[in-house]
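Novice:
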Amino acid sequence: MATTEKSILNRMYLVAACLFLFAVAVGVKLVNIQFVHGDYYKQLAEDRTFKNFKIPANRGNLYDVNGNLLATSVPKYDIRFDAVTVSDKNFEENIGPLSEKLAKMLGNTPSYYSQKLRAARANNQRYVLIARNLGYSDYMKIREFPMFNLGPYKGGMITEQSTVREHPLGKMGERTVGYERRDENGYFTRVGLEGAFSNYLRGTDGRRLKQKIAKGQWKPISDNNELEPKDGYDVVSTIDVNIQDIAHHSLLRQLEYFEADHGTVVVMETKTGEIKAMSNLGRTKEGTYFEKRNYAVYESHEPGSTFKLMAMVAALEDKVVDTSQIVDTEKGVVRFYGRPVRDSHHGGYGKISAARAFEVSSNTAFTKMITEGYKNNPSKFVDRLYSMQLNRKIGLEIKGEGSPRIPHPQDKSWNGLSLPWMAFGYGVSLTPLQTLTFYNAIANDGEMIKPRFIKEVKDRDKPILVKEKEVVNPSICSPETARKVREMMKNTVLRGTASNIYTENFSMAGKTGTCQTEYWIEPGRYIASFAGYFPAENPKYSCIVVIHKPNRRKGYYGNIVAAPVFKDIARKIYTDTPVMDELESLEVDDKRVKTDFEKYYTKIQDEKLLMPDVTGMPAMDAISILENLGLEVRINGKGVVKRQSVSAGQKIKSNQKINLELS
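Mind the numbering: the sequence shown is residues 56 to 718 in our numbering, read in order.
1) By the 10 Å Cβ neighbour count, where 16 or more other Cβ atoms means buried, how is methionine 635 classified, buried or exposed?
2) Classify alanine 478 as helix, strand or coil using the three-state DSSP reduction.
3) Answer yes or no: do valine 527 and glutamine 444 have a C-beta to C-beta separation smaller than 9 Å?
4) When you compare the CB positions of tyrosine 194 and arginine 135, do they come within less than 9 Å of one another, or not?
5) Within a Cβ cutoff of 7 Å, which residues of the same chain sit near tyrosine 392, ignoring the five residues on either side of it in sequence?
6) Take lysine 513 as the anchor and find which of Ala112, Ile381, Gly122 has the nearest alpha-carbon.
7) In the DSSP output, which residue or residues are listed as bridge partners for methionine 503?
8) Considering only residues of the same chain and omitting the five flanking positions on each side of glycine 685, which have a CB-CB separation below 6 Å?
9) According to the neighbour-count rule (16 or more other Cβ atoms, all chains shown, within 10 Å of its Cβ), is cysteine 73 buried or exposed?
10) Between the region 244-252 and the region 436-454, do three or more beta carbon pairs fall short of 8 Å?
11) Out of curiosity, what's the CA-to-CA distance linking aspartate 661 and glutamine 711?
12) What is the rounded straight-line gap between the Cα of valine 437 and the Cα of tyrosine 574?
13) Can you give me the start and stop residues for the beta strand (DSSP E) that serine 408 sits inside?
14) Would you kindly report the start and end of the unbroken beta strand (DSSP E) that includes glycine 568?
15) Is phenylalanine 313 buried or exposed, if buried means 16 or more other CB atoms sit within 10 Å of its CB?
16) What did DSSP end up calling tyrosine 68 once you bin it into helix, strand or coil?
17) Nearest to glycine 29 by CA position, among Val322, Met323, Gly328, Asp316, is which residue?
18) Give the DSSP-derived three-state secondary structure of valine 634 in the structure shown.
19) Just to check my reading of the structure: glycine 403 and threonine 419 have Cβ atoms closer than 8 Å, yes? What is that Cβ distance to the nearest angstrom?
20) If we ignore side chains and look at the alpha-carbon of each, how far apart do phenylalanine 362 and arginine 187 end up?
21) In angstroms, rounded to a whole number, what distance separates the CA positions of serine 360 and valine 382?
22) Do alanine 586 and lysine 566 count as a contact pair if the criterion is CB distance below 9 Å?
23) Looking only at its chain, what residues have a beta carbon closer than 6 Å to the beta carbon of glycine 551, apart from the 5 residues adjacent to it on each side?
24) Near lysine 430, which residues of its chain fall below 8 Å by C-beta distance, leaving aside the five closest residues on each side in sequence?
25) Using beta-carbon positions only, say whether tyrosine 611 and glycine 457 come within less than 9 Å of one another.
26) If the criterion is Cβ atoms closer than 9 Å, does the pair glycine 225 and arginine 114 meet it?
27) Am I right that alanine 674 and proline 223 are in contact with their C-beta atoms under 8 Å? What's the rounded C-beta distance?
28) Return yes when the Cβ of aspartate 133 is within less than 9 Å of the Cβ of proline 189, no when it is not.
29) On a CA-only basis, which of Met477, Thr325, Gln699 is nearest phenylalanine 589? Give me that one, please.
30) Within the region 356-421, note down every full beta strand (DSSP E) run reaching 3 residues or more, in order along the chain.
31) Is it right to say alanine 71 is buried, meaning 16 or more other beta carbons lie within 10 angstroms of its own, or is it exposed?
32) Name the residue from Gly210, Asp289, Tyr168 whose alpha carbon lies nearest to the alpha carbon of serine 128.
33) Contact defined as beta carbons within less than 8 Å: I believe threonine 378 pairs with alanine 410. What is the distance between those atoms, to the nearest angstrom?
34) Going by DSSP, name the residue or residues bridged to proline 130.
35) For the putative contact between glycine 328 and arginine 507, defined by C-beta atoms under 8 Å, what is the C-beta separation to the nearest angstrom?
36) Would you mind reading off the limits of the alpha helix (DSSP H) that contains histidine 304?
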């Protein structure tokens with residue numbers, strides 16, 4: 056008996072000792088959690104309950120040169136309802152009026168919203184979607200609705216803001232305007248102007264503290280942000296939407312008619328290098344066209360006969376050719392190492408001058424001139440091309456510029472055919488914009504200017520950065536050489552391969568180009584091009600048109616496929632900006648006439664200062680009209696104008712703002 060009691064007592068001591076040790080361990084752990092790692096666990100608990108969410112900053116606006124919007128950020132708001140936080144009294148007093156207001160704004164019945172809100176309250180739902188993608192004006196209205204006007208805690212209203220990038224031009228110039236996108240891994244894709252100047256447009260993100268209310272659901276603590284986002288700067292581009300529209304539709308019509316694979320057009324201001332329009336259209340499987348890729352910037356290809364300008368400039372500068380030199384085209388066929396070089400004109404052109412060979416684009420004449428002139432020192436020809444920057448990228452801000460290729464005799468790939476083939480644009484490679492930059496330099500007396508896409512960066516009305524003309528090469532050739540080849544390009548339109556686009560109404564100068572492409576796949580695939588400038592006497596704009604793989608049954612030569620697009624663009628720009636002749640003053644000092652005119656002018660000015668009615672108009676038309684009247688226009692939504700904040704007929708004030716609500 057005594058032994059049994061002693062055994063039980065020993066077991067009790069053992070259990071008591073274990074409990075004591077366990078209590079000591081718990082105590083040590085509690086002390087450790089509380090004092091040693093206390094801050095860590097407090098932060099962990101707080102992080103699981105509260106979290107800072109990023110508020111993306113509004114990107115700055117992207118404008119064309121005349122102040123028309125190319126891209127703008129529009130805030131959008133999602134409204135949700137926390138059915139738990141509202142008191143019974145506030146809920147019952149306001150659910151009826153709130154349902155009526157929601158029905159009127161969002162288009163459902165009051166009973167629908169009443170039932171939805173009551174069901175949410177019965178099920179203790181804290182994140183019920185009420186409305187999605189509201190504009191700013193609707194958001195401000197819904198904040199004042201019954202119950203919602205009590206705030207996020209008493210009224211249960213949850214607001215989530217996002218920013219949507221709108222492009223008023225739609226699909227026109229889409230690759231030129233571009234975008235910036237960030238994937239799930241944090242990597243950016245930057246395209247066009249939006250991508251090139253994103254560091255100015257992006258702004259600085261803000262932060263907003265939210266509380267976790269359910270699995271995967273977070274509710275803002277208040278309407279105020281922890282850190283307010285800072286909007287990006289506005290960027291004023293060199294693009295002119297009127298010229299962009301002309302270029303886009305001229306190219307599109309030609310692509311559709313010739314059923315071409317893709318094409319590009321670039322229009323540049325000669326003296327400044329400002330890009331006024333850049334259109335890039337590719338064909339879909341259905342036969343329609345859209346801004347597929349930025350061919351003007353990235354696509355490096357054999358230029359064909361447009362490269363004869365570069366060859367002629369090099370030969371004239373090195374004095375291996377003179378414009379009056381006679382060349383025998385040998386019935387249109389010459390051979391190099393057994394390979395024929397042919398002229399497009401059957402039978403050739405006979406014996407012609409070097410200048411005439413350029414005008415009619417004789418392949419045989421150019422191969423003979425360049426080969427004879429440089430056969431003992433081909434490096435001299437290539438080095439001259441290099442000195443004219445043709446082997447270098449321009450260094451564009453827009454990402455993805457293609458690499459030019461001008462082979463050198465020291466290259467392993469150089470052979471006996473390289474020099475004669477280069478003479479008429481084969482075996483070399485340039486992008487359309489690189490080719491245009493060279494043509495623009497010739498129009499500019501030899502001064503090569505870097506193509507420019509923006510004029511300035513602004514913080515509202517305050518200039519942050521003003522872009523000036525950037526000279527790449529002050530003189531790619533002598534003024535005499537530039538004058539000679541300009542005369543050849545003028546005669547190309549007057550009596551050469553591009554005579555089909557000649558008109559007495561305005562002057563043009565340029566060079567046609569036709570070359571085979573993908574000939575290693577199958578014959579019959581061509582690239583048609585035309586590069587030049589207008590007016591011929593005092594160039595204001597340079598332009599290049601390149602069209603890939605037209606239906607050869609309809610045509611494939613540069614003068615037939617590409618040159619008419621150039622002419623159409625020049626004609627329409629001439630129509631918008633006619634040449635003005637200066638006349639002697641016809642002013643007559645007649646007091647009666649002067650008094651009548653002042654009365655009439657005052658009347659007209661008063662009528663101009665009245666707010667027009669723009670409701671029902673497309674957004675771009677309305678913005679253009681209002682901005683021309685000196686108004687600061689803000690838009691909400693897209694489509695046509697549904698409502699304007701300033702009524703029609705009211706007098707316009709200086710620097711007045713107007714909000715347009717779009718359908």
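C-beta: ideal position from N, C-alpha, C; glycine also.
Specialist: In terms of the structure at hand:
1) Because methionine 635 sits at a pLDDT of 45, beneath the cut-off of 50, its placement in the model cannot be relied upon, and the following sentence gives the value as read from the coordinates. Methionine 635 comes out exposed.
2) Alanine 478 carries a helical assignment under DSSP once its states are collapsed to helix, strand and coil.
3) yes
4) no
5) Sequence-distant partners of tyrosine 392 (beyond 5 residues in either direction) whose C-beta falls short of 7 Å from its own C-beta, in its chain, are Gly471, Leu472.
6) Gly122
7) Asn528
8) none
9) exposed
10) The count of Cβ pairs closer than 8 Å, one atom from the region 244-252 and one from the region 436-454, reaches three, so the stretches are in contact.
11) The predicted position of aspartate 661 is uncertain, since its pLDDT is 48 and thus under 50; a value taken from the coordinates is nonetheless stated next. Approximately 16 Å, taken between the alpha carbons.
12) C-alpha of valine 437 to C-alpha of tyrosine 574: approximately 25 Å in a straight line.
13) 406-408
14) Under the DSSP assignment, glycine 568 falls in the beta strand (DSSP E) whose first and last residues are 564-571.
15) buried
16) helix
17) Any question about residue 29 goes unanswered here, given that the chain covers just 56 to 718.
18) Any reading at valine 634 must be qualified, since the residue scores a pLDDT of 46, below 50, and its modelled position is unreliable; the value itself is stated next. In this structure, valine 634 counts as coil in the three-state DSSP scheme.
19) Rounded, the Cβ-Cβ distance is 6 Å, consistent with contact.
20) 56 Å
21) 18 Å
22) yes
23) Answer for glycine 551: Glu414, Val415, listed in chain order.
24) Leu474
25) It is not a contact, given that the beta carbons lie outside the stated cut-off.
26) No, Cβ-Cβ distance for glycine 225 and arginine 114 is not below 9 Å.
27) 6 Å
28) In the sequence on display, residue 189 carries leucine and not proline. Cβ atoms of leucine 189 and aspartate 133: closer than 9 Å.
29) Thr325
30) 381-383, 388-391, 394-397, 406-408
31) Alanine 71 is exposed by the Cβ-count criterion.
32) Selection Gly210, Asp289, Tyr168 evaluated against serine 128 yields Asp289 as nearest (Cα-Cα).
33) 4 Å
34) Thr218
35) 5 Å
36) 296-313
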